[in-house]
């Protein structure tokens, strides 16, 4: 919309040819002006029942407590990721009402009950017991974002029967989050068994040539099964968030 | 173990020739032959109207022609990716009926009309003109898999207004595929504007420290906008496939 | 600016309390609306006399010719980078008026004479003879962007006296572009001699553990001399562009 | 060879005690002592009002205190970077007069008031809250080097409107320092909006495939917006220094 | 589907309550439940006398104690790897009966005496004294898996005579595990002297450009002597396990 | 053994105190002298019926022909790897008697019939059709080294049932070579199903983030299934050679 | 400032036309022109009989011919490295008198006979036949720089006896250049046998995880034998040059 | 030499046809037997007055004390590298007589006075103050190995005049060790000024894209000045050792 069109619009307002409300409506739908009034809505997610998220890693308990207090005023639910039990202890002495989820190394504050708005079930699958913290972060994220979440843990590819015994559960899910470290092969096998979206989460589990998760990351990016998409190493939160978006499509 | 052998076993049970315990024992020791009847169905995708896919890269025209002929007998539609126009010319002299999509460096054979089974629109966004072949591969894949597909090309982050002018189109999509080379920043910006799943496709466009797409890949994996998932460098097909799965959730 | 303020503004227009021009002016200065009318100006550079730029690498002569023709209609000068002499020959048969700069592997079309708008001299320094194409790309870019450009070539650190003999020329420059491959040490030495901005350009000159310019790139990023900033490997154009911006500060 | 020796030589020439040829011979064989008088001036920066700089990282409080004392004798201002609050506490017990800038993890001693010698404003832009220490190091450096400095923090690309709302401030700056971790996309967007020099500073903020800042570094080197130059990961000081040089061109 | 359900199905067949065809149909649609009886046997290794293995690294003493107690009920021998002496001390206060092998940083519980089932001797060769913990982990693994194990330590390639003096011992082994850090050259030399399988174990011993074992790993993968296969960096356990499988072929 | 001892020994020979045979025996067992007479036997492999091997890559047909002629004089069988069909055509015009194995890109000359000296079966398993040349190189190597060889191709993990249907064949093998590109997950799955040695061969099949086989290599080195050892990327020959050594233990 | 100007200055001093203080002042302000007489002597090497060196790679035959002609006027010997036989053929048609050394891919022009100025023998050792071009480049360089040069080729570590049989030759050398690709282990073994300087040259021989010589480079840098120093991958020239300097110490 | 020839030799001894001395002589020159009597001499270095060396890093004070005691019995001098002052304190309580060299993080025990056996001077040059510990390790190593050692520290390339002022000292040295972190450019500049062997030592000094010394290492390997050879990152000891060998050529 160029100046001429805007001038024309304003002149019509002035001349009473269109009402203020009409002008407002048209401005609202202009390519950019709507950005002005309706503002790029970073609260959109919140209105949908998504929580506000704090990445706890690298922040002091004191800092986190301050952010939590500020957020609570906005009445949004809160998801606090990457908080060790030690930091959680300090945090509890500073602010009340947070629920700690030890397995996920995360905490939540749910001022409003979480409504299930996701259409199907999000299934979180993990390869080994060491991958569980990341898997739980994904599961918790999907839960507080309003999804029915199920877990299928410790079904790594070196014991393929454990996975195959659970094929019905794989089939029943709408979206799958598959978490694995080391060679990161599990998402390929899972995606070959079903035809649902698979979000692969590489973990930093391993040593030596795992290079802190690089091997799992590369393995997942090179998956021979189509339909697999990948998030950052150890990014359970990102996977849970993406799964939630997919589950509302 | 095929059906015949199982029928024989069951008939012996029925006829009392072997006991239930004996039958149980023999079934118990069939390592996986029983898979023969419960068969993991790799035709499942085809029954949903998905095409069979041939990766043309690294294959001779002659080899491709043979595979195409074999597939056509199964009557599935065919998607042939990564075929240069030179190879396509040779291929056309060997087998008829393929439609070449020059922009996508791909060909299709659609024995059966593609039915739109995806629920919403898949929007393919690309950063620069050099990213278009990958973007077109994604778009074509999503199209032959039964989706309504739209394109929004050449809206890289260095001219952010071009993207913002198209916010309504971003909002209208169900799933977004965002294709970018160089710094790979576009998916972060797009995912920050909407709340739909974003599949990021890094391309090998660039030179020097782009390291054949590594910079774009790392950029996308480290996106500061949640909801972004990533596929392999230049993997337009994988993105189109994943978007199709998401669009049917 | 929220809806209320906009409504208020429109009502004032309607009531004749402010003129259309005043309203236009205020809208123009709102955070975003101005984007709507004044449009993010990607022609700003052009109005300053900067050329339009085509990256020739990866484009066919035919494609380039088409872009050149389109650009010429806009009457901007044109800088066409990364064109081999072979491609230039084909291009000349398709479109007339381009001047080829063989040393820079680049071509220009200057419909309008380039005016010197840069305040001081841009000095392009290079380490070895193999670095000259990148250095010339930088020099040509700075020239067509309206700068006085000088060259000081083949003054690598293994013969430090060649550089030191030219200290007066280093001192006389306003901005320096320093181009080097292999260990990429020249920018550190140059920046230690002067107190002007130094833009370092690593080149892919070298073999083995130069890893196509990585060694020079890392060397420059780790320069022990402050004031050095770095562009991508072989990115003479980027260095020339940045130097031009600096020379107008 | 100091001045005295040269005076003596010239006097002998004048007095005819040695021939011109002999004097020439002796001068010719002074490898570099003659540098003694023409001396490369490493105090040049100081005379311009630039501070002396101590990199605190890897040095003990005791060592730093000794260096500070030595420098104070030269009466130059001092910038001490990368000092944690713990080390600062120890340092304060050893030497007085240093001002700690907690946000920048840096300290200053300003024996002489800093004069504004930079022509325009240096604007320091940062993407996320975790990038602030690096951004503050850049801002402090530019400040003690005599520049008018402004800050625009927490305007990452995932919420592009926050950046766009501040376009007037971007336009008003002479030089921009843009600090970002993770995908490092912010400099590309900023450089696309303005036509001023942009110095990009990648930070080590992130985890997993950020590889301690590598992803941001590569993203910035591959920026699709020309005019961006890059410094080392977390090198706020280097960016502030380069910006100061540019702001005096 | 567990045995009970299958028995029930077979009884119905026997009793003529359902037809063979019906039974076939139901079996055919048990996706993988039939795995329940044919069960992939993950206890196969145990029946062969192999120990159950716990990776101690990254687990708390308390967690390990719980796993040990659970395993002891199954009466399998136990191999616990990567346990520091400090953690072992805590562990001993929690559970009794474990034998600590300090050199291997490992512990064992051998409820059943280990029977020698490997056919020949497994020889563990190591390059330097710092490689010994990894070599001992390999030796202990092979020992508890039922092999005659010998050690030949500190025979690195920089003093080749030490290795050559022991040629008879090299010749006498059936399988060799060769452990080396730094340049990782020992497996090549050993494999050139004998014609037995050589399992190479790179270690993270070294500094600087050893990149935590990468140099040794690459050296071993590029061995100019055929017959060398490689395991992960520091993976003494994996080498001992593979040697045990080979020694039973 | 120092000179004195040797003098003493020779004097005893001279004096008839010990026989020549005794002296010979003692010399033979001296640390190194035995190397002198028994000579490190690089023909050991040949006597066992192993072929002589020529790596064809990087050699001209003329050079290869000369080597073949020289080897034939020694009467050993010959294995010539990495020869394209074009080079083979040139080679055939230079020397007769070579048999080309197109699928393996290799040729053999078998002057002596290959005797089966391996104890069990070597099973070569491959993931995709593009991995077949490497798999065939491994199979051919094992064959000419005297092993019973079987093939199980195109059983990648994305269609896990294809592998599981062949469990009996996996169980029946003595040694397995598992060849895979992309994510390289197949060896982990195979090794989890059986308890035989598995030699994993990563291939350079893939694109983008496969980094020419790096992803498969890392995946295999980080296998969660113990018993897997790894050779260099595309090194079918090395895997076939190692399998042959294992099959004779 | 050339000699003439300095003579003029000194004459003015002598003639009393300018005072000593004035002369001092002018000398003092010649930043580095005084270098003009004390001149860093880049012809020093030439006077010692070292050849002038042209790196042929990346240069056209025409360019090389021009450089050769220019150099011949200076009467120095010439070493031209990295010239294929094809390029040499073109070069011969342009300029006469060059001798081609096919094995070294290099050419020489020796206007003056090379005098042996090195004190001892330079021994060039190489691991495999594919390493010979690099080894020959090193040998030729040392030869034209005035050294007695010997060769010991094809003594890789997989057949260690071939090296040990030549211990006397190793002992007899003054400086050793050891060339190896793949795992690059040979320098460690050689340096362990002798106490002379060893210059290690990694080559790009290998494939897959050799990463174009990276594995050999890292192996050599991590040599467990002290006394080994390393040059760039394939840098035979650099090794020959360094050996020549060492042989004159 | 095969058995037959040895039998023949012994028989001649027995028959008195050749003397014991003659037999000894011939055995001494057999390919390997000489290894038997002259034994690969790993004490050769010690007899030349070289110290025995202990790498202190990764060893407990107790372990070091035990090694020191064992070595002292052999009466060789001892060089103990990489010992922090804390570890040294513990060590002193366990064993007496060690001299600590704090700047080099090393200790020595010199039972025998070190004799100067090196022919010229070893000059250790370093770039920055943080590089001094590595430079001192090199200097101490060369000193205890019998060389005249000089130091020239803090002459980094960003203040090139500091280096040039010391050209006479550079010229006077026989061998140079040049130590630098960050961009590692100093060895190139030094090697361009002199024609003596230069051993370059990259250090891990730096941050961000120095990648723990990788940037300096690559810079040195790609030096544009011939005559530079390189050791591992931070390997002052290796450089001192190599310089000592060179200084005795």
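Chains as they are written, first to last, in my numbering: chain A, -1 to 247; chain B, -1 to 247; chain C, -1 to 247; chain D, -1 to 247; chain E, -1 to 247; chain F, -1 to 247; chain G, -1 to 247; chain H, -1 to 247. Yeah, the Cβ is synthetic: ideal placement off N, Cα and C, and Gly gets one too.
DSSP places residue 62 of chain C within a helical segment (H, G or I) once states are collapsed to three. Residue 169 of chain H and residue 5 of chain G have their alpha carbons spaced roughly 27 Å apart. A residue is called buried when at least 16 other Cβ atoms come within 10 angstroms of its Cβ; residue 201 of chain H meets this threshold and is buried. With respect to the C-alpha of residue 209 of chain E, the residue from E:225, E:224, E:229 and E:182 having the closest C-alpha is E:182. Residues of chain D whose Cβ lies closer than 7 Å to the Cβ of residue 9 of chain G are, in chain order, 18. The Cβ of residue 246 of chain F sits no closer than 8 Å to any Cβ of chain H. Take the alpha-carbon of residue 186 of chain E and the one of residue 214 of chain E: they are about 11 Å apart. For residue 198 of chain G, the uninterrupted beta strand (DSSP E) segment begins and ends at 196 to 200.
Interface annotation, residue 210 of chain H: not in contact with chain C, CB-CB separation never under 8 Å.
If only uninterrupted alpha helix (DSSP H) runs of at least 4 residues are considered, those enclosed by the region 75 to 147 of chain E are 83 to 92 and 130 to 142. Under the 10 Å beta carbon count, residue 84 of chain E is surrounded by fewer than 16 other beta carbons and is classified as exposed. For residue 172 of chain D, at least one C-beta of chain C is nearer than 8 Å to its own C-beta. For residue 177 of chain F, the uninterrupted beta strand (DSSP E) run begins and ends at 173 to 178, by DSSP. The C-beta separation of residue 69 of chain F from residue 76 of chain F comes to about 5 Å, placing the pair in contact by the 8 Å criterion. Ranked by Cα distance from residue 123 of chain A, the first of A:159, A:199, A:110 and A:65 is A:199. Taking each of H:102, H:173 and H:230 in turn and checking the Cα distance to residue 246 of chain G, the smallest one comes out for H:173. When secondary structure is reduced to three states using DSSP, residue 72 of chain A falls in the helix class. Closest in C-alpha terms to residue 52 of chain C, from the list C:71, C:73, C:81 and C:72, comes C:81.
DSSP places residue 5 of chain F in the helix class (H, G or I) of the three-state scheme. Per the coordinates, the alpha-carbon of residue 151 of chain C lies some 15 Å from the alpha-carbon of residue 222 of chain H.
For residue 106 of chain A, same chain residues with a beta-carbon under 8 Å away, outside a window of 5 residues either side, are 49, 75, 76, 77, 78, 96, 97, 99, 138 and 142 in chain order. Annotated three-state conformation of residue 149 of chain C is strand, per DSSP. The residue from C:147, C:118, C:212 and C:115 with its alpha-carbon nearest to that of residue 136 of chain C is C:147. The Cβ neighbour count for residue 165 of chain H, taken over all protein chains shown within 10 Å, is at least 16; the residue is labelled buried. The beta carbon of residue 191 of chain F sits closer than 7 Å to the beta carbons of 165 and 168 from its chain, once the five residues preceding and following it are set aside; these are given in chain order. Per DSSP, the continuous alpha helix (DSSP H) segment holding residue 158 of chain B begins and ends at 158 to 162.
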